[in-house]
Amino acid sequence: MITHKRCVTCEEFKSVADFAMRAASSDGKKSKCRRCDAVDNRRRRLPERERSAAYRHALAHASEKTLLARANAADEAAKARVLARASAAAAARDAQVCAMASALQQLAELVAARRFKQACVAEPEVITQPPNPLA
């Protein structure tokens, strides 16, 4: 069994324990030492990390924009619901006011007719036309 091996990158002889496992290799170890392998991995993965960081950043901002758009849409929908309720309530109030005005007008007409009738009984020759209830 071998105890030392030469790294193909730094060309130093190192202990076999300084090499990572690789099943496809004849001795079961990588040809680069762990330190050189780590340096190569860092060098190779730096652009990947930058790309993935940019992707995460863009995704985060897209999510913020999406969330803001959804919140604005929800706000608009809530405003629309409130306005619809308010207009429905206003319409109901207007209908109630109209009904009350109509009832008051009918009541005024009844009171005027009753007063006219009473006046006709008291002085039949003087009064010829009923009074205006709104005057």
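Be aware that the sequence shown starts at 2, since it is given in our numbering, and climbs by one per residue.
From the three backbone atoms N, C-alpha and C, an ideal C-beta is built for every residue, glycine too.
Open item on the list: Taking 8 Å as the threshold (C-beta atoms), are Lys6 and Lys33 in contact?
Closed with: No, the Cβ-Cβ distance between Lys33 and Lys6 is not below 8 Å.
TODO: Return the residue from the list Ala93, Glu13 and Pro48 that minimises the CA-CA distance to Cys37.
DONE: Checking every option, the nearest Cα to that of Cys37 belongs to Glu13.
TODO: Compare the C-alpha of Lys15 against each of Arg116, Tyr56, Ile3 and Val83 and name the closest.
DONE: For the set Arg116, Tyr56, Ile3 and Val83, the Cα lying nearest the Cα of Lys15 is the one of Ile3.
Open item on the list: Would Asp19 and Arg35 be called neighbours here (beta carbons separated by less than 8 Å)?
Closed with: It is a contact, given that the beta carbons lie within the stated cut-off.
Task: Backbone secondary structure at Met22 - three-state DSSP - done: If DSSP states are grouped into helix, strand and coil, Met22 belongs with the strands.
Open item on the list: At the level of alpha carbons, what is the spacing between Asp28 and Cys8?
Closed with: Straight-line Cα distance between these residues: approximately 13 Å.
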